[in-house]
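S.K.: All residue numbers for the sequence shown refer to this note's numbering, where the first residue is 16 and numbers rise by one. Idealized CB from N, CA, C, for every residue including glycine. Bear in mind that the values here come from a model prediction, so they are computed numbers and not experimental data. This is the structure, below, for whatever I ask next.
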Amino acid sequence: MYANDHRCIRLLNKRNNPQGFAAVTSSDVVAKIFEWSKYWIAATLILCGSIMMSAQAATVSVSNYPLFLLSEAVTEGAPSANQLLQAGEVGHHGSVSPGDIKSIQDSTFVVWFGESLENNLASTLNSAPNAISLFEFNAFNRHPLRDVKGKAVSNTLDPHIWLDPENAKAITRALAVIHSHANPQHKNLYHDNAKRFAQRMDKAVQLMQQGNQKSYPYWAYHDAYQYIEASLGLKMVGSLSADHHLSPKASQLRWLNEKRPAKTMCLVAQGTPAKGLLAKLKPVNTTIQAEDMSGSKTFVSGWRAMAQQIRNCIG
């Protein structure tokens, strides 16, 4: 890529927040904000289009599996994006191979969430002139991290933003714009696919909300499901550990038992908890949910399966 190309990508990566958008949490307003962001991205891409033309079909790379699933929804009927990290490598794990580095260099755009999630990609993508970090746009519904007692930790970001249906729809709209610039011959297809994705996502949420009149408390082994809670009426009342690789402390298990809001609790975990651990929390039901939907073939089916299984666990 040439120097002008680099400047164009930096424009896309700039944080643009003239209205104080980070403080907005209403889903409707967030959707409108991203409509603004969508046209701002599009305008930037059009401005740069004359200097970023390629004789060959352009390649878009995406970082991890949930972002790949969202991209697949947009590119259905056209070539897929290149996926850098494999399923199960949300960004906390995995490494960038020499082949991945070449894919990054050869791509017109590389879309990733950002360093706070994908720290294993940061050393490569933070300096890549064609990289677009979604976290750099203040156009998503965001929540702070929570401690093991469910209290918000100031000045932090819970990075699992794709689990919020409004965020998922916003990401597909952004991807439609990015894919359209990379391969303009499929522009109408990309945008039509993004609209159909939004309709499927809305239907999935509506089905899960039918008859939902109360709040459902649950435990998490590691707090990674915050963005799905509003859609399901869930309330995380404590987690076992701040990291799913670390065993919980005895004091935290005691606190959970003392504060349990229901006789039988649901524990949502990324992996199968040890039987000895569950014995200390019983009566308890468990459901295993990978936050990157690594067992799913499509985003909407993966989201709906996760939602239904968590609801079934709670009872």
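Is M223 helix, strand or coil when you go by DSSP?
M.R.: It is helical.
S.K.: Look at the alpha carbon of Q267 and the alpha carbon of C281, and state the distance between them as a whole number of angstroms.
M.R.: So the two alpha carbons sit approximately 16 angstroms from each other.
S.K.: For the 8 angstroms Cβ check, are there 3 or more pairs between the stretch 211-219 and the stretch 146-161?
M.R.: Contact between the stretch 211-219 and the stretch 146-161 is absent, because fewer than three Cβ pairs lie under 8 angstroms.
S.K.: Answer yes or no: do M308 and Y80 have a C-beta to C-beta separation smaller than 8 angstroms?
M.R.: Yes; because the gap between Cβ atoms is below 8 angstroms, this pair is in contact.
S.K.: Based on Cα-Cα distance, which residue from S76, G253, V283, S254 lies nearest to H194?
M.R.: Looking at the Cα atoms, S76 is the closest of the given residues.
S.K.: Mark R2 as exposed unless 16 or more other C-beta atoms lie within 10 angstroms of its C-beta, in which case mark it buried.
M.R.: The displayed coordinates of the chain run from 16 to 330. Any statement about residue 2 would go beyond what the structure contains.
S.K.: Threshold first: 3 residues or longer. Then list the beta strand (DSSP E) segments lying entirely within the stretch 126-205, N to C.
M.R.: Correct list: 146-148.
S.K.: Are the beta-carbon atoms belonging to N198 and E91 less than 8 angstroms from one another?
M.R.: It is not a contact, given that the beta carbons lie outside the stated cut-off.
S.K.: Using C-beta distances below 7 angstroms, list every residue in its chain close to A219, excluding the 5 sequence neighbours before and after it, in chain order.
M.R.: V315, W318, R319, listed in sequence order.
S.K.: Between the alpha carbons of S254 and G165, how many angstroms are there, rounded?
M.R.: The straight-line gap from Cα to Cα measures roughly 7 angstroms.
S.K.: What did DSSP end up calling G310 once you bin it into helix, strand or coil?
M.R.: It is coil, neither helix nor strand.
S.K.: Cα separation between V168 and D162?
M.R.: Those two C-alpha atoms are separated by around 7 angstroms.
S.K.: First and last residue of the beta strand (DSSP E) that includes N300?
M.R.: Where N300 is concerned, the enclosing beta strand (DSSP E) stretches over 299-303.
S.K.: Under DSSP, the beta strand (DSSP E) around L293 begins and ends at which residues?
M.R.: No beta strand (DSSP E) holds L293; the alpha helix (DSSP H) holding it covers 290-294.
S.K.: For K274, which option in S262, L296, A137 has the closest C-alpha, if you only look at C-alpha atoms?
M.R.: Checked all of S262, L296, A137; the closest Cα to K274 is L296.
S.K.: Could you give the C-beta distance for H196 and Q241, rounded to a whole number, given that I count them as a contact under 8 angstroms?
M.R.: That pair is no contact at about 32 angstroms.
S.K.: Relative to the C-alpha of A131, which residue among N300, P94, L172 is closest?
M.R.: Inspection of the sequence shows that residue 131 is occupied by Ser rather than by Ala. Nearest of N300, P94, L172 to S131, Cα basis: L172.
S.K.: Are Y231 and I303 close, meaning C-beta to C-beta below 8 angstroms?
M.R.: Cβ atoms of Y231 and I303: not closer than 8 angstroms.
S.K.: Cα separation between L249 and T187?
M.R.: Spanning the two alpha carbons is a distance of roughly 25 angstroms.
S.K.: Below 8 angstroms on the Cβ atoms is my guess for H347 versus A96; work out the distance and round it to an integer in Å.
M.R.: Nothing about residue 347 can be reported from this structure: the residues present for the chain run from 16 to 330 only.
S.K.: Quick check: the Cα distance between D179 and Q285, rounded to an integer number of angstroms?
M.R.: D179 and Q285: Cα-Cα distance of roughly 18 angstroms.
S.K.: Please name the residue, chosen from S138, D258, F128, that lies closest to V111 on a Cα-to-Cα basis.
M.R.: Checking every option, the nearest Cα to that of V111 belongs to S138.
S.K.: In terms of DSSP beta bridges, what is V283 paired with?
M.R.: DSSP, once it has assigned bridges, lists A235, T302 as partnering V283.
S.K.: For E244 and D238, I'd like the C-alpha separation in whole angstroms.
M.R.: Those two C-alpha atoms are separated by around 11 angstroms.
S.K.: Looking at the structure shown, is G248 part of a helix, part of a strand, or coil, going by DSSP?
M.R.: DSSP places G248 in coil when its eight states are reduced to three.
S.K.: What residues match up with S76 in a beta bridge as DSSP calls it?
M.R.: S76 is bridged to N97, V125.
S.K.: Measuring only the C-alpha atoms, how far is N327 from F155?
M.R.: Between N327 and F155, the C-alpha separation is close to 29 angstroms.
S.K.: When we look at the beta-carbon of K184 and count the other beta-carbons within 10 Å, is it buried (16 or more) or exposed?
M.R.: Buried, since its Cβ has 16 or more Cβ neighbours within 10 Å.
S.K.: For the alpha helix (DSSP H) holding R269, just list the boundary residues, first then last.
M.R.: Start and end: 265-274.
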